[in-house]
Amino acid sequence: MSDHQLEISNISFKTDNQSILESISFSVEKGERVTITGPSGGGKSTLLKIIGNIINPTDGKVLFHGKNIQETNPLKYRQKVSYFFQNASLFDQTVRDNLSFPYDIRDEEFDEEKAKDMLERVSLSRSCLDKPINELSGGEKQRVALIRNMMYLPEVLLLDEVTSSLDAENKEIIHGILDTLNKENGLTTLSVTHDENEISQADRVITIIDGRLEDSK
Amino acid sequence: MNANLEINNFSLFLSTGLLIIAILIAYKEKLELGYDIFIAGIRAVIQLFIIGYVLSYVIQLDNVLVTLAMVLFIVFNAGFNAHQRSDGIPHSLTISLFSISIGTAVTLVILVVSGAIEWLPSQIVPITGMIASNAMVAIGLTFQSLNSKFADQRQQVLEKLSLGANEKQASMSIIRASVKTGMSPSIDSTKTVGLVSLPGMMSGLIFAGVEPTEAIRYQIVVMFMIIAVTSIASFSASYLAYRQFYNEQKQLTL
Ligand SMILES: Nc1ncnc2c1ncn2[C@@H]1O[C@H](COP(=O)(O)OP(=O)(O)O)[C@@H](O)[C@H]1O
Ligand SMILES: [Mg+2]
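Keeping their order, the protein sequence lines are chains A and B.
The first sequence begins at 4 in our numbering and counts up by one.
The second sequence begins at -14 in our numbering and counts up by one.
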């Protein structure tokens, strides 16, 4: 078996009375930009959470560089394959609390300069670092949450409708940084979206309807 | 210290009149509590008569092993009660028993070694009861706090996990808040002690004819001991219980 960066193999997710995902398989190569689309309630978020090791599938497996993620260290995996929630929220009090968290969990010293640089890259001011989170607008929170996942750049970013509640300007900013990281750092992205623009930009489109994979373009 | 400290059976019987007042109020206001009050009354009488005779026997016997058995019995009951307040946290019985045992052991040893109390059943048993019941309440509050905080802050915990945090890092703010919740009542009651009500230990001693200036010495020890045991028990219960909210894949199971 060749080593894809990610291989999703026969993933199913069933609850007591409902089958949410049925035998989904596909693989993703390094640097690819994959878009997942389909009607609401089809199981897209569930699939992304399984790939992000936030929940376990009831059947099937996810391989990362050929290794079953159930058999490797889940913390290391989540640092490399980072799930970004559909309604991301910030925690604690300030922007700093959020951006320093990735350093805290690795027991490393907070790189304040890097955090300020990242804030600038998503069009926030450097002084934003010490702002209380409840003084930020929805779009600003979303951008802070995004760079929180990028303080240590993961190999794969799983994006769940990251831009769906944002205005054109905020979308633009987020597309910009994702583009750059993809081109310059080979960041792989799997993003759930309904945005025509994002779909047309993708290397590959996967459509999920009622928990089943439809033929892609 | 020998005011007339006896209640004869007739006086005891007349005091049930107090219960009848409560039952009448419950009946008139249609509270449907009459039956509960009746059962509570009966249970109190039976439980206290039994424990009264058991204690008399244990105190007369003054045997180290029997006293120890009594201590273990109290600790087990307290642990079981705390466990029932966990609302389904896995292993909560083991966690409660361990936390109460540790708290009780540490506190008792310090009290005995420092000479504040002696290893006499008439001192050890009531003191253990106070320690264990406070630990029980503290652990119950800690469990409740863990349950409600994990539900409220579910999204934040998930975000932290998705950034690669381990269970402890993802739960730290919840652990801290829960330890605090378990400890707070004993700290609060220590702050107001003597101003609002005279606590049981001190009241009992004064009742028995001990000088209030002596009685407060015991009360001071008791308050400090309760702060110690509730902090040990809440700390231990929080740190053991938060792991139960995760599976072996370090995923939140809520
Ligand atoms: N843990 C769960 N238990 C029961 N039902 C669930 C669970 N997770 C998701 N669902 C259901 O699965 C379906 C798919 O949800 P989701 O993955 O969020 O779809 P999408 O992101 O495509 O809109 C929905 O009907 C949702 O209610
Ligand atoms: Mg969704």
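Using N, Cα and C, we set each Cβ at its ideal position, and we do this for glycine too.
One thing to note: L193(A) has its Cβ no nearer than 7 Å to the Cβ of L184(A).
A Cβ-Cβ distance of about 32 Å is found for the pair I212(A) and G149(B), leaving them out of contact under the 8 Å criterion. Three or more beta-carbon pairs drawn from the region 158 to 174 of chain A and the region 134 to 146 of chain A are found closer than 8 Å, and the two stretches are therefore classed as touching. Cα atoms of L122(A) and R151(A): separation of roughly 10 Å, rounded to the nearest angstrom.
Distance check between M157(B) and each of A117(B), L(-1)(B), T92(B) and L225(B) places L225(B) closest, using alpha-carbon atoms only. The Cβ neighbour count for N(-6)(B), taken over all protein chains shown within 10 Å, is under 16; the residue is labelled exposed. For K47(A), the shortest C-beta to heavy atom distance toward ligand 2 is below 6 Å. If you draw a straight line from the Cα of S99(B) to the Cα of Q108(B), it comes to about 14 Å. For S194(A), the nearest beta carbon of chain B is not closer than 7 Å to its own beta carbon.
Shortest Cα-Cα distance from E32(A) to any of D206(A), D182(A) and I14(A) involves D206(A). Looking at the DSSP output, L24(A) bridges to F16(A). Scanning its chain for C-beta atoms nearer than 7 Å, with the 5 sequence neighbours on each side dropped, one finds around H197(A) the residues T40 and S167, in chain order. Neighbours of G55(A) across chain B, judged by C-beta separation under 8 Å: S147. The closest CA to that of T92(B), considering only K235(B), Y227(B), I212(B) and S219(B), is found on I212(B). Around N132(B), the same chain offers D72 as residues with beta carbons nearer than 6 Å, after the five sequence neighbours per side are excluded. At least 7 Å separates the beta-carbon of V37(A) from that of I54(A). Cβ neighbours of S30(A) within its own chain (closer than 6 Å, five residues either side excluded): H7 and E10. Looking at the DSSP output, E217(A) bridges to T210(A). Taking a C-beta distance under 7 Å as the contact criterion, L93(A) and A118(A) do not qualify as a contact pair.
When the five nearest sequence neighbours on each side are left out, no beta carbon in the same chain lies closer than 7 Å to the beta carbon of L53(B).
Interface flag for A136(B) against chain A is unset, since no Cβ pair is found closer than 7 Å. Using a CB distance cut-off of 7 Å, Q234(B) counts as an interface residue toward chain A. At a C-beta separation below 7 Å, P77(A) has these neighbours in chain B: Q234 and K235. Judged by beta-carbon spacing, I6(B) lies beyond the 7 Å limit of I22(B), meaning their Cβ atoms are not closer than that value. Taking the C-beta atoms as reference points, I112(B) is found no nearer than 7 Å to I124(B). Every unbroken stretch of the alpha helix (DSSP H) spanning 4 or more residues and falling wholly within the region 86 to 147 of chain B is given here in chain order: 106 to 137 and 139 to 147. Counting only residues of its own chain and dropping the five nearest sequence neighbours on each side, I44(B) has a CB closer than 7 Å to the CB of P106 and S107. Rounded to whole angstroms, I85(B) and D173(B) show a C-alpha spacing of 21 Å.
In terms of Cβ geometry, I87(B) and S221(B) form a close pair [threshold 7 Å]. With a cutoff of 7 Å on beta-carbon distance, A136(B) and L146(B) are scored as not near each other.
When DSSP states are grouped into helix, strand and coil, F67(A) belongs to the strand group. For Q129(B), the closest Cβ of chain A is not nearer than 7 Å.
Put simply, the backbone Cα of E233(B) is about 49 Å away from that of M187(B). At a beta-carbon threshold of 9 Å, none of the residues of chain A lie near E14(B); the nearest stands roughly 44 Å away. Not a single CB atom of chain A sits nearer than 7 Å to the CB of A162(B).
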